[in-house]
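Novice:
In my numbering, the protein residues as written are 46 to 356.
Below is the structure:
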């Protein structure tokens with residue numbers, strides 16, 4: 046039998062119907078007979094009346110028109126299940142938060158962000174500025190003699206010339222003229238780095254590492270008080286140098302914390318913003334220009350160290 050191209054070789058419907066009528070199995074059975082199917086599952090719909098607890102929780106209330114409902118029974122509080130009668134006040138709605146359209150809420154949030162002031166908050170109004178932790182009777186008792194301190198500073202500048210934010214002449218001159226102008230915490234942080242290279246400390250403590258560890262413990266003792274005070278450049282530099290000393294002694298966890306404190310103090314002082322240095326001009330006093338350059342170098346050094354610690 047040849048089949049024309051483009052057509053399927055399927056029997057015609059008339060032939061199929063004639064074969065069905067001639068089949069003995071199909072004869073005598075109704076054409077529209079359907080096999081019995083399984084009963085359809087009952088659809089659990091929301092009850093027309095919900096109890097007060099389900100209204101408050103915005104949950105589906107399923108019951109047999111009498112308390113307690115299924116939710117209250119499963120929660121173990123059947124005594125709280127009660128149905129309001131017609132005309133009662135909707136006091137259960139007082140527990141709900143007022144609904145708000147999603148598009149309107151996003152619009153209000155956008156307006157709120159735009160209206161935030163661009164000016165930075167004053168550090169003097171912060172909570173930590175009012176905190177005054179207990180201090181030692183005399184912090185200078187933690188340091189050696191003046192000439193030993195100066196020798197340790199020279200050792201630090203000679204061996205760690207990469208850290209160039211300590212102005213050598215001005216820093217030592219200020220230390221000799223007015224000791225109160227220099228932070229003891231910063232001096233201890235400098236000595237805990239330079240002690241391992243200084244001959245005086247090596248001969249005194251028997252080992253450079255022991256000398257560095259001694260000054261590190263003293264600096265960490267003061268760090269507990271310094272962390273809650275107002276951020277200053279000297280305090281920021283001290284935490285940064287303390288983190289370097291801790292890293293060199295194998296205390297990576299405390300070094301990571303000290304470096305984080307120093308970096309956040311620099312951020313609070315806005316050292317990463319151009320306006321922090323904009324008041325400095327060519328006509329400014331030389332001390333102001335040196336201090337501004339020291340602040341800039343401090344932030345650059347902290348940025349370099351914080352990046353290496355995160356690796």
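Glycine residues also receive a C-beta, built at the ideal position from the N, C-alpha and C atoms.
Remember, it's a predicted structure, so these values are computed and weren't measured experimentally.
Give me the residue from 280, 287, 110 and 100 with the minimum Cα distance to residue 265.
Specialist: Position 220 of the chain shown, counted from the start, is the residue given in the question as residue 265. The option with the nearest alpha carbon to residue 265 is 287.
Novice: Please classify residue 159 as buried or exposed, where buried requires at least 16 other C-beta atoms within 10 Å of its C-beta.
Specialist: Start at 1 with the first residue of the chain shown, and residue 159 comes out as number 114. Per-residue confidence for residue 159 stands at a pLDDT of 47, beneath the threshold of 50, marking its modelled position as unreliable; the derived number appears in the next sentence. Its Cβ having fewer than 16 others within 10 Å, residue 159 is exposed.
Novice: In three-state terms, what does DSSP make of residue 335?
Specialist: Looking up residue 335 in the chain shown gives position 290. Three-state result, residue 335: helix.
Novice: Can you have a look at residue 340 and say buried or exposed, based on whether 16 or more other CB atoms are within 10 angstroms of its CB?
Specialist: Counting from 1 along the chain shown, the entry for residue 340 is found at position 295. Per the 10 Å Cβ criterion, buried.
Novice: So residue 229 and residue 278 are supposed to be a Cβ contact under 8 Å. How far apart are they, rounded?
Specialist: Position 184 of the chain shown, counting from 1, holds the residue named residue 229. Position 233 of the chain shown, counting from 1, holds the residue named residue 278. In fact, because the Cβ distance is near 15 Å, the residues do not count as touching under 8 Å.
Novice: Among 217, 247 and 201, which has the Cα closest to the Cα of residue 235?
Specialist: Within the chain shown, the letter at position 190 stands for residue 235. Among 217, 247 and 201, the Cα nearest to that of residue 235 belongs to 201.
Novice: Out of 349, 101, 95 and 130, point me to the one whose CA is closest to residue 113's CA.
Specialist: In the chain shown, counting from the first residue as 1, residue 113 sits at position 68. It is 95 whose Cα lies nearest to the Cα of residue 113.
Novice: Between which two residues does the alpha helix (DSSP H) carrying residue 262 extend?
Specialist: Residue mapping note: residue 262 aligns to position 217 of the chain shown, counting from 1. Residues 253-271.
Novice: When every heavy atom of the ligand GTP is checked, does at least one fall within less than 7 Å of the C-beta of residue 344?
Specialist: In the structure shown, the ligand GTP is absent, as is every other ligand, since no ligand is present at all.
Novice: Using CA coordinates, which residue listed in 319, 225, 211 and 242 is at the minimum distance from residue 343?
Specialist: On the chain shown, position 298 is the one that residue 343 refers to. Taking only the C-alpha atoms, the option nearest residue 343 is 211.
Novice: Under 8 Å, do residue 196 and residue 243 count as touching if we go by C-beta distance?
Specialist: As a first step, residue 196 must be located in the chain shown, where it is residue number 151. As a first step, residue 243 must be located in the chain shown, where it is residue number 198. Yes, these two residues count as a Cβ contact at 8 Å.
Novice: Could I get the ranges of all uninterrupted alpha helix (DSSP H) runs contained in the region 213-245, with 4 residues as the minimum, in chain order?
Specialist: Entirely contained in the region 213-245, the alpha helix (DSSP H) runs reaching 4 residues are, in chain order, 213-222 and 229-239.
Novice: Specify, as a first and last residue, the run of the alpha helix (DSSP H) that residue 277 falls within.
Specialist: Taking the chain shown and counting its residues from 1, one reaches residue 277 at position 232. Segment: none, residue 277 is in no alpha helix (DSSP H) and carries neither H nor E.
Novice: Given a cut-off of 8 Å, decide if residue 238 and residue 346 are closer than it, judged by their beta-carbon atoms.
Specialist: As a working mapping, residue 346 is identified with position 301 in the chain shown. As a working mapping, residue 238 is identified with position 193 in the chain shown. No, Cβ-Cβ distance for residue 346 and residue 238 is not below 8 Å.
Novice: Measuring straight from C-alpha to C-alpha, what distance separates residue 256 and residue 327?
Specialist: By one-based count along the chain shown, residue 256 stands at place 211. By one-based count along the chain shown, residue 327 stands at place 282. Their Cα atoms are separated by approximately 43 Å.
Novice: Spatial neighbours of residue 261 within its chain, please: CB distance less than 6 Å, with the 5 preceding and 5 following residues excluded, ordered by chain position.
Specialist: If you number the chain shown from 1, residue 261 lands on position 216. Taken in chain order, the residues that qualify are 237 and 290.
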